[in-house]
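What follows is a short report on a single structure.
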Amino acid sequence: QAGSGSEQDARRKWALGLLRTAAALDPSPAVRGGSCRLLAGHLRAQPERPEVLDVCCELAVQMNGLWSGPSGSGILEDLRRLLFEGDGLSGKTKSPAWGPLLLRALAGAQRLGADGFLPALLKAQRSACSSRAAFRNKAKSMAAAVVSAFAAAPLPQHAAAVLALSEGAPWALVDHVAAISLYLAVGSPPSVGEEVLALAACTVLGNVLAWVGQNQADNDGKG
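To get this note's numbering, take the position in the sequence shown, counting from 1, and add 181.
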């Protein structure tokens with residue numbers, strides 16, 4: 182329907198709130214799946230809307246544990262195209278909005294307990310790629326965008342995105358060990374934010390270096 186920009190914003194917020202309420206009142210897979218299909222349609226039609234981050238996080242939470250269900254593959258494909266390909270964004274993955282969107286979407290989903298979100302995205306991206314090398318290159322590009330966006334806004338709440346990557350794809354962060362190590366430096370006494378970032382950096386580096394060690398051991402075994 183026609184209307185001013187503010188009226189359209191109000192309708193979108195109302196629709197989003199209604200979907201959240203429906204899912205909260207009836208948490209059955211059928212209702213959650215139906216709500217998420219509508220949310221994904223909103224995401225597909227309006228990928229540059231201000232509320233797209235809320236929609237991504239809402240989908241990650243509502244679909245957690247349901248990715249293998251009847252609604253999962255289509256919704257996951259919409260999210261994959263937006264978050265891995267930048268589909269719908271001006272300039273796609275070269276858009277200045279892409280890295281910050283990735284960072285905040287992954288961090289928000291992780292903080293809200295949607296721990297299946299990134300593994301599902303990675304699996305969907307692997308299926309969409311023609312080869313293992315192509316998948317790794319795409320995942321490394323995503324990791325680079327996340328680390329770059331985090332460096333521009335190193336807030337404690339954003340560290341969850343890098344932590345999630347270090348658990349789901351530690352190999353994608355190998356080239357960023359030096360950049361992540363910078364957050365180990367703290368003041369004396371350290372601020373709360375510095376402590377959070379330093380602890381997150383320790384965990385991320387531990388995950389990445391553990392993968393490097395295991396990969397080296399596997400290669401030595403093959404030799």
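Beta carbons: idealized from backbone N, C-alpha and C, even for Gly.
Check: Asp235 (DSSP reduced to helix, strand or coil); Outcome: helix
Check: Rounded Cβ spacing between Ala324 and Leu284 (contact assumed at less than 8 Å); Outcome: The pair is not a contact, with the Cβ atoms about 11 Å apart (cut-off 8 Å).
Check: Through-space distance from Gly280 to Val262, alpha-carbon basis; Outcome: Residue identity differs from the one stated: residue 262 is Arg in this sequence, not Val. Arg262 and Gly280: Cα-Cα distance of roughly 14 Å.
Check: Ser232 and Leu270 closer than 8 Å at C-beta; Outcome: Note on residue identity: the sequence assigns Glu, not Ser, to residue 232. Result no, Cβ atoms of Glu232 and Leu270 do not sit closer than 8 Å.
Check: Among Asp268, Arg218, Gly222 and His223, nearest to Met244 - alpha-carbon criterion; Outcome: Arg218
Check: First through last residue of the alpha helix (DSSP H) which encompasses His223; Outcome: Pro210 to Ala226
Check: Per-residue DSSP class, three states only, for Gln182; Outcome: Because the pLDDT at Gln182 is just 44, under 50, the model does not fix this residue reliably, and the value given afterwards should be weighed accordingly. Three-state result, Gln182: coil.
Check: Inter-stretch contact at 8 Å, needing at least 3 Cβ pairs: the stretch 369-378 / the stretch 333-341; Outcome: yes
Check: Reduced DSSP secondary structure (H/G/I, E/B, other) of Trp155; Outcome: There is simply no residue 155 to check, as the chain begins at 182 and stops at 404 in what is shown.
Check: Identity of the residue in Leu260, Leu234, Val367 and Ser209 nearest Leu299 by Cα; Outcome: Leu260
Check: Distance between Gln227 and Ala183 (C-alpha atoms, nearest Å); Outcome: Because the pLDDT of Ala183 is 45, which lies under 50, any placement of that residue in the model is unreliable, and the number read from its coordinates should be weighed accordingly. Computed Cα separation, rounded: 16 Å.
Check: Status (buried if at least 16 other CB within 10 Å, exposed otherwise) for Lys275; Outcome: exposed
Check: Within 8 Å, strictly: CB atoms of Leu282 and Val242; Outcome: no
Check: Residues near Val320 in its chain [Cβ-Cβ closer than 6 Å; skip 5 each side]; Outcome: Note that residue 320 corresponds to Ala in the displayed sequence, not to Val. So the qualifying residues of the chain are Ala350 and Ala353.
Check: Range covered by the alpha helix (DSSP H) that runs through Ser322; Outcome: Arg313 to Ala333
Check: Beta-carbon proximity check, Val327 vs Leu346, cutoff 8 Å; Outcome: yes
Check: Closest residue to Ser209 among Gly250, Lys403 and Asn388 (Cα-Cα distance); Outcome: Gly250
Check: Residues near Leu365 by beta carbon distance below 6 Å, same chain, minus five either side; Outcome: Ala379 and Ala382
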